[in-house]
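**Q** A single structure is presented below for examination.
2 protein chains.
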Amino acid sequence: MEDKRTHELPELYAPNGGEGPYSYSQNSNYQRGVVEAAKEKINEAIANHFDIQTFCGTKNPVCIVDLGCSTGANTFITVQNIVEAIKLKYKSKGVNAQIPDFLVFFNDNVSNDFNTLFKSLPPNRQYFAAGVPGSFHGCLFPKASLHLIHSSCALNWLSKIPIEVMDESSPAWNKGRIHYTNAKKEVLEAYETQFAKDMESLFSRAQELVVGGLLVLFVPAVPDVMSNSDTFTGTELDILGSCLMDMAKVGLVEEAKVDSFNVPAYYTPPKKLKALIERNGNFSIKRMEVLNNQKKHLILQSSSLRSLYLKAVLEGMIEKHFGNEILDELFNRFTHKIEGSSFFLNPETEKLIILFVLLERNN
Amino acid sequence: MEDKRTHELPELYAPNGGEGPYSYSQNSNYQRGVVEAAKEKINEAIANHFDIQTFCGTKNPVCIVDLGCSTGANTFITVQNIVEAIKLKYKSKGVNAQIPDFLVFFNDNVSNDFNTLFKSLPPNRQYFAAGVPGSFHGCLFPKASLHLIHSSCALNWLSKIPIEVMDESSPAWNKGRIHYTNAKKEVLEAYETQFAKDMESLFSRAQELVVGGLLVLFVPAVPDVMSNSDTFTGTELDILGSCLMDMAKVGLVEEAKVDSFNVPAYYTPPKKLKALIERNGNFSIKRMEVLNNQKKHLILQSSSLRSLYLKAVLEGMIEKHFGNEILDELFNRFTHKIEGSSFFLNPETEKLIILFVLLERNN
Numbered sequence: 001m002e003d004k005r006t007h008e009l010p011e012l013y014a015p016n017g018g019e020g021p022y023s024y025s026q027n028s029n030y031q032r033g034v035v036e037a038a039k040e041k042i043n044e045a046i047a048n049h050f051d052i053q054t055f056c057g058t059k060n061p062v063c064i065v066d067l068g069c070s071t072g073a074n075t076f077i078t079v080q081n082i083v084e085a086i087k088l089k090y091k092s093k094g095v096n097a098q099i100p101d102f103l104v105f106f107n108d109n110v111s112n113d114f115n116t117l118f119k120s121l122p123p124n125r126q127y128f129a130a131g132v133p134g135s136f137h138g139c140l141f142p143k144a145s146l147h148l149i150h151s152s153c154a155l156n157w158l159s160k161i162p163i164e165v166m167d168e169s170s171p172a173w174n175k176g177r178i179h180y181t182n183a184k185k186e187v188l189e190a191y192e193t194q195f196a197k198d199m200e201s202l203f204s205r206a207q208e209l210v211v212g213g214l215l216v217l218f219v220p221a222v223p224d225v226m227s228n229s230d231t232f233t234g235t236e237l238d239i240l241g242s243c244l245m246d247m248a249k250v251g252l253v254e255e256a257k258v259d260s261f262n263v264p265a266y267y268t269p270p271k272k273l274k275a276l277i278e279r280n281g282n283f284s285i286k287r288m289e290v291l292n293n294q295k296k297h298l299i300l301q302s303s304s305l306r307s308l309y310l311k312a313v314l315e316g317m318i319e320k321h322f323g324n325e326i327l328d329e330l331f332n333r334f335t336h337k338i339e340g341s342s343f344f345l346n347p348e349t350e351k352l353i354i355l356f357v358l359l360e361r362n363n
Numbered sequence: 001m002e003d004k005r006t007h008e009l010p011e012l013y014a015p016n017g018g019e020g021p022y023s024y025s026q027n028s029n030y031q032r033g034v035v036e037a038a039k040e041k042i043n044e045a046i047a048n049h050f051d052i053q054t055f056c057g058t059k060n061p062v063c064i065v066d067l068g069c070s071t072g073a074n075t076f077i078t079v080q081n082i083v084e085a086i087k088l089k090y091k092s093k094g095v096n097a098q099i100p101d102f103l104v105f106f107n108d109n110v111s112n113d114f115n116t117l118f119k120s121l122p123p124n125r126q127y128f129a130a131g132v133p134g135s136f137h138g139c140l141f142p143k144a145s146l147h148l149i150h151s152s153c154a155l156n157w158l159s160k161i162p163i164e165v166m167d168e169s170s171p172a173w174n175k176g177r178i179h180y181t182n183a184k185k186e187v188l189e190a191y192e193t194q195f196a197k198d199m200e201s202l203f204s205r206a207q208e209l210v211v212g213g214l215l216v217l218f219v220p221a222v223p224d225v226m227s228n229s230d231t232f233t234g235t236e237l238d239i240l241g242s243c244l245m246d247m248a249k250v251g252l253v254e255e256a257k258v259d260s261f262n263v264p265a266y267y268t269p270p271k272k273l274k275a276l277i278e279r280n281g282n283f284s285i286k287r288m289e290v291l292n293n294q295k296k297h298l299i300l301q302s303s304s305l306r307s308l309y310l311k312a313v314l315e316g317m318i319e320k321h322f323g324n325e326i327l328d329e330l331f332n333r334f335t336h337k338i339e340g341s342s343f344f345l346n347p348e349t350e351k352l353i354i355l356f357v358l359l360e361r362n363n
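The listed protein sequences derive, respectively, from chains A and B.
Numbering-wise, UniProt numbering puts 152 at position 152 of the first sequence, and it's gapless, one number per residue.
Numbering-wise, UniProt numbering puts 174 at position 174 of the second sequence, and it's gapless, one number per residue.
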């Protein structure tokens with residue numbers, strides 16, 4: 001299953017081209033709001049915690065990585081912000097002349113479209129660029145070779161579906177559903193356990209950072225006190241699962257196929273993530289707060305647009321599991337079901353948050 | 001024109017799959033001979049000149065780049081050889097425990113198929129891998145960030161066609177030909193001048209190497225004393241040009257189009273390359289010798305195979321300039337012309353050499 005997931009992940013962020021009603025440029029106001037709010041946090045993080053005295057000699061380049069960069073424009077905007085913030089710090093300290101070279105590694109799964117990424121690199125960039133293929137749940141870089149690791153909206157994707165939820169003999173068997181939203185508590189626990197394992201492997205990136213190096217995370221998450229059905233994505237996955245079950249009842253898909261299909265997306269509450277960081281011990285928490293996306297009210301609201309968006313995210317995953325002939329029927333049913341729902345009409349209903357987490361590598 | 005060339009370059013090394021009569025595996029004996037002979041040279045170079053004392057601290061990774069890596073298997077074999085040779089050196093010096101991490105950068109033009117390269121990375125490789133897109137005639141890496149630069153069979157491709165050979169008013173105008181082989185001396189001089197500029201930009205890679213770092217080159221070249229018509233490629237380009245002119249005479253292509261088409265491939269004599277290295281001054285020449293390819297007798301001899309090989313190399317370039325409708329006619333004519341020639345029957349006729357050049361960065 002790992003392959004299926006990794007194969008599909010990049011779809012999530014691959015923007016539709018052009019300027020039409022379904023184009024990224026017309027539908028990315030929410031995402032652009034995240035990038036803008038993140039810029040401020042990155043600037044503060046670097047101003048207050050990026051230690052140019054200790055770990056930037058005049059000769060060594062500053063090495064930065066964006067984990068889960070995908071192919072799109074957002075990674076270039078973010079990386080540019082990071083480089084500018086570090087340069088600004090040199091200037092503000094009056095050590096202008098010592099500004100080092102920058103080497104930026106763009107990381108994503110092997111199945112990511114690096115050709116497109118490379119062709120879109122900004123021609124006037126102020127850094128050297130390299131692509132690094134591979135899951136960030138494995139080892140990617142030499143020891144102590146990085147100064148800053150960034151990752152935005154990637155950690156919510158688990159490295160794999162928890163085995164138990166697909167195991168008939170397990171109490172966590174997720175029969176008739178495709179996600180933990182509204183499922184029995186054992187299913188949620190299995191997802192939580194997998195997320196904890198994934199965070200442990202992410203935090204082993206610490207050895208790839210120099211001492212004092214920064215891990216800057218933007219994590220799609222949920223408030224500590226809430227029901228999982230209070231996020232658009234959770235609710236949508238629940239409704240999509242019910243559409244699949246409807247189709248199983250009329251013989252359009254096998255019910256066993258629905259039982260074995262699960263979407264490996266997990267949204268952590270801040271408290272749980274904090275506990276995982278502290279248990280791991282490689283990092284000190286410098287900041288942990290909810291990002292204030294001032295464009296939250298621009299979230300997609302029409303049922304057809306939300307359906308298209310979810311289809312873009314899950315299409316490949318569904319196709320691989322069920323075959324492509326069910327796609328139109330499934331998403332027609334889905335659009336129809338959410339049309340009747342008032343849930344998506346009010347952006348305030350959406351409880352999903354983006355958590356900004358700034359970690360510093362311990363000695 | 002630069003784009004056209006860079007777009008097509010990777011084709012040269014992209015091996016045909018499978019095991020059929022036109023597959024790379026059936027036709028790569030000559031190339032494999034180069035890789036095998038190169039291995040010995042690389043081993044010696046590292047044993048004698050890679051200074052593990054000076055520039056490999058225990059904490060910093062050894063950084064290696066392959067310039068012009070393409071997508072294929074050869075780059076992985078070569079990189080593996082380099083890593084093993086350096087490890088062997090650590091072992092032979094009894095500093096086993098200090099063997100550092102290795103970070104290998106695979107470089108080629110932006111148009112190279114990095115997706116394929118990344119998917120083919122050996123799963124059990126002993127190094128961290130990154131892809132770096134861009135021409136090695138421009139700046140690619142931070143200052144003093146590399147320990148060894150390797151490039152095989154790439155320097156014979158010029159960064160662009162010399163402008164003069166396409167300029168009607170220039171004495172170097174290459175009317176009716178597509179290469180300098182058998183052309184007037186001004187054409188050859190224009191190619192030589194472009195090659196000299198390209199080598200100057202290659203040698204500026206010195207600043208990206210640490211002091212004492214190595215530049216290991218395998219350069220398709222010609223003996224100092226010979227006629228350019230004594231190489232298979234030169235002769236083939238000359239014949240291909242004559243086929244194009246034949247087609248122009250019967251109205252199948254425009255003559256002006258032939259006049260403006262030139263193949264940016266140059267094969268240097270060793271003496272000229274040596275002079276360019278010395279004039280540049282960034283490097284000391286540690287070794288410079290002809291590679292002994294013991295599989296030279298396995299060079300492709302049949303006219304149809306040579307035609308296919310040349311087509312694979314030039315197809316995209318020709319298509320971009322003339323359109324794809326002329327391809328079949330052109331290569332049919334070409335195959336027919338070389339069928340009558342005894343030139344390609346004897347591998348000893350081929351005077352092309354592979355020059356091994358080992359350079360060390362000066363202080």
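The beta-carbon is built from N, C-alpha and C at its ideal position, and this holds for glycine as well.
Keep in mind the model is a prediction, meaning the values are calculated, not measured.
(1) Measuring straight from C-alpha to C-alpha, what distance separates B:R125 and B:E84?
(2) So A:P123 contacts chain B; which residues on that side make the cut at Cβ distance below 7 Å?
(3) State the Cα-Cα distance for the pair A:L209 and A:V65, rounded to the nearest angstrom.
(4) Does any C-beta atom of chain A lie closer than 7 Å to the C-beta of B:Q26?
(5) Does the CB of A:N212 have a neighbour CB from chain B at under 7 Å?
(6) Is A:S341 helix, strand or coil when you go by DSSP?
(7) Does any residue of chain A have a CB that is nearer than 7 Å to the CB of B:A130?
(8) Which two residues bound the contiguous beta strand (DSSP E) that contains B:P220?
(9) Is B:A144 helix, strand or coil when you go by DSSP?
(10) Is there a Cβ from chain B that is less than 7 Å from the Cβ of A:K119?
(11) Verify whether the separation of the beta carbon atoms of B:A221 and B:Y266 is less than 7 Å.
(12) Helix or strand or just coil, what does DSSP make of A:H137?
(13) Mind the definition here: the segment 62-82 of chain B touches the segment 139-156 of chain B only if three or more C-beta pairs lie below 8 Å; say whether that holds.
(14) For B:D113, go through chain A and note every residue whose CB falls closer than 7 Å to its CB, in chain order.
(15) Take A:N112 as the anchor and find which of A:N96, A:F136 and A:Y90 has the nearest alpha-carbon.
(16) Should A:H147 be labelled buried (16 or more other beta-carbon atoms within 10 Å of its own) or exposed?
(17) Name the residue from B:G323, B:A312, B:F76 and B:M288 whose alpha carbon lies nearest to the alpha carbon of B:P270.
(18) Could you pull the start and end residues of the alpha helix (DSSP H) that B:V187 belongs to?
(19) Going by other Cβ atoms of all chains shown within 10 Å of its Cβ, with 16 needed for buried, is A:R279 buried or exposed?
(20) Checking 7 Å against the spacing of the C-beta atoms, do B:P264 and A:F118 come in under that value?
(21) According to DSSP, is A:N81 helix, strand or coil?
(22) I'd like to know if A:V110 contacts chain B, where contact means its C-beta is closer than 7 Å to some C-beta of that chain.
(23) Who are the Cβ neighbours of B:H321 in its own chain at under 6 Å, not counting the five residues just before and after it?
(24) Once you ignore the five residues that flank B:D224 on each side, which residues in its own chain have a CB closer than 7 Å to its CB?
(25) Leaving aside the five residues before and after A:H150 along the sequence, list all residues of the same chain whose C-beta is less than 6 Å from its C-beta, in chain order.
(26) Does the CB of B:P264 have a neighbour CB from chain A at under 7 Å?
(27) In whole angstroms, what separates the C-alpha of B:L352 from that of A:K160?
(28) Just to confirm, are B:V253 and B:I326 a CB contact at a threshold of 7 Å?
(29) Return the residue from the list A:F106, A:Y309, A:F344 and A:Q98 that minimises the CA-CA distance to A:D230.
(30) Got a sec: is the Cβ-Cβ distance from residue 381 of chain B to anything in chain A below 7 Å?
(31) Give the straight-line distance between the Cα atoms of A:F127 and A:N332, rounded to the nearest whole angstrom.
(32) Determine the DSSP secondary structure at A:I285, reduced to helix, strand or coil.
(33) Given a threshold of 16 other Cβ atoms within 10 Å of its Cβ, counted over all protein chains shown, does A:I277 qualify as buried or as exposed?
(34) With B:R361 and B:G138 assumed to form a contact (beta carbons below 8 Å), what rounded beta-carbon distance in angstroms separates them?
(35) Using the Cβ count rule (16 or more neighbours within 10 Å means buried), how would you classify B:G251?
(36) Please list, in chain order, the residues of the segment 273-288 of chain A that have any C-beta partner in chain E closer than 9 Å.
**A** This is what the structure gives:
(1) Within the second sequence, the letter at position 125 stands for residue 125 of chain B. Within the second sequence, the letter at position 84 stands for residue 84 of chain B. So the alpha carbons of these two residues sit roughly 11 Å apart.
(2) On the first sequence, position 123 is the one that residue 123 of chain A refers to. The premise fails here: A:P123 is roughly 10 Å from chain B at the closest Cβ pair, so nothing lies under 7 Å.
(3) Indexing the first sequence from 1 puts residue 209 of chain A at position 209. Indexing the first sequence from 1 puts residue 65 of chain A at position 65. Computed Cα separation, rounded: 10 Å.
(4) Locating residue 26 of chain B in the second sequence gives position 26, where the first residue counts as 1. With a pLDDT of 49 at B:Q26, under the threshold of 50, the modelled position of that residue is not reliable, and no figure is offered here.
(5) For the purposes of this step, residue 212 of chain A is identified with residue 212 of the first sequence, where counting begins at 1. Per the sequence shown, the amino acid found at residue 212 of chain A is Gly instead of Asn. No - not a single Cβ of chain B is within 7 Å of the one on A:G212.
(6) In the first sequence, counting from the first residue as 1, residue 341 of chain A sits at position 341. A:S341: coil per DSSP, three-state reduction.
(7) For this step, residue 130 of chain B is matched to residue 130 along the second sequence. For B:A130, the answer is yes, since a Cβ of chain A falls inside 7 Å of its Cβ.
(8) Here residue 220 of chain B corresponds to residue number 220 of the second sequence, with the count starting at 1. Note, B:P220: beta strand (DSSP E), L209 to A221.
(9) The sequence position of residue 144 of chain B within the second sequence is 144, counting from 1. B:A144: coil per DSSP, three-state reduction.
(10) Position 119 of the first sequence, counting from 1, holds the residue named residue 119 of chain A. So, interface residue.
(11) Numbered from 1 along the second sequence, position 221 holds the residue referred to as residue 221 of chain B. Numbered from 1 along the second sequence, position 266 holds the residue referred to as residue 266 of chain B. Against a cut-off of 7 Å, the Cβ pair of B:Y266 and B:A221 comes out as no contact.
(12) Mapped onto the first sequence, residue 137 of chain A falls at position 137. A:H137: coil per DSSP, three-state reduction.
(13) yes
(14) One-based indexing of the second sequence puts residue 113 of chain B at position 113. Correct list: N115.
(15) By one-based count along the first sequence, residue 112 of chain A stands at place 112. The residue with the shortest Cα to Cα distance from A:N112 is A:F136.
(16) Translated into positions along the first sequence, residue 147 of chain A becomes position 147. With 16 or more other Cβ atoms within 10 Å, it is buried.
(17) Sequence index remark: in the second sequence, residue 270 of chain B carries index 270 (1-based). Taking only the C-alpha atoms, the option nearest B:P270 is B:M288.
(18) For the purposes of this step, residue 187 of chain B is taken as the residue at position 187 of the second sequence. Its alpha helix (DSSP H) spans residues K185 to F203.
(19) As a working note, residue 279 of chain A is residue 279 in the first sequence. When all chains shown are included, A:R279 counts as exposed.
(20) As a working note, residue 264 of chain B is residue 264 in the second sequence. As a working note, residue 118 of chain A is residue 118 in the first sequence. Not closer than 7 Å, so no.
(21) Your numbering for residue 81 of chain A matches position 81 in the first sequence. If DSSP states are grouped into helix, strand and coil, A:N81 belongs with the helices.
(22) Position 110 of the first sequence, counting from 1, holds the residue named residue 110 of chain A. For A:V110, the answer is yes, since a Cβ of chain B falls inside 7 Å of its Cβ.
(23) Within the second sequence, the letter at position 321 stands for residue 321 of chain B. These residues qualify, in order along the chain: F261.
(24) Start at 1 with the first residue of the second sequence, and residue 224 of chain B comes out as number 224. Around B:D224: P269, P270 and K271.
(25) The sequence position of residue 150 of chain A within the first sequence is 150, counting from 1. Once the five neighbours on either side are set aside, the close Cβ partners of A:H150 are D66 and V216.
(26) For the purposes of this step, residue 264 of chain B is taken as residue 264 along the second sequence, with counting starting at 1. It does not: the Cβ of B:P264 has no partner Cβ on chain A nearer than 7 Å.
(27) The residue given as residue 352 of chain B occupies position 352 in the second sequence. The residue given as residue 160 of chain A occupies position 160 in the first sequence. Straight-line Cα distance between these residues: approximately 53 Å.
(28) Here residue 253 of chain B refers to the residue found at position 253 when the second sequence is read from its first residue. Here residue 326 of chain B refers to the residue found at position 326 when the second sequence is read from its first residue. Their beta carbons are under 7 Å apart, which means B:V253 touches B:I326 by this criterion.
(29) Stepping through the first sequence from its first residue, residue 230 of chain A is reached at position 230. The shortest Cα separation from A:D230 among A:F106, A:Y309, A:F344 and A:Q98 belongs to A:F344.
(30) Lying outside 1 to 363, the shown extent of chain B, residue 381 of chain B is not represented and no answer is given.
(31) The count along the first sequence starts at 1 and reaches residue 127 of chain A at position 127. The count along the first sequence starts at 1 and reaches residue 332 of chain A at position 332. The question names Phe, but residue 127 of chain A is Tyr in the sequence shown. Using only the alpha carbons, I get a separation of about 45 Å.
(32) Numbered from 1 along the first sequence, position 285 holds the residue referred to as residue 285 of chain A. Of the three classes helix, strand and coil, the one that applies to A:I285 here is strand, per DSSP.
(33) Locating residue 277 of chain A in the first sequence gives position 277, where the first residue counts as 1. The residue is buried, with at least 16 neighbouring Cβ atoms inside 10 Å.
(34) In the second sequence, the residue the question calls residue 361 of chain B occupies position 361. In the second sequence, the residue the question calls residue 138 of chain B occupies position 138. Rounded, the Cβ-Cβ distance is 19 Å, inconsistent with contact.
(35) Against the second sequence, residue 251 of chain B aligns to sequence position 251. Burial call: exposed.
(36) No chain E is present in this structure, whose protein chains are A and B.
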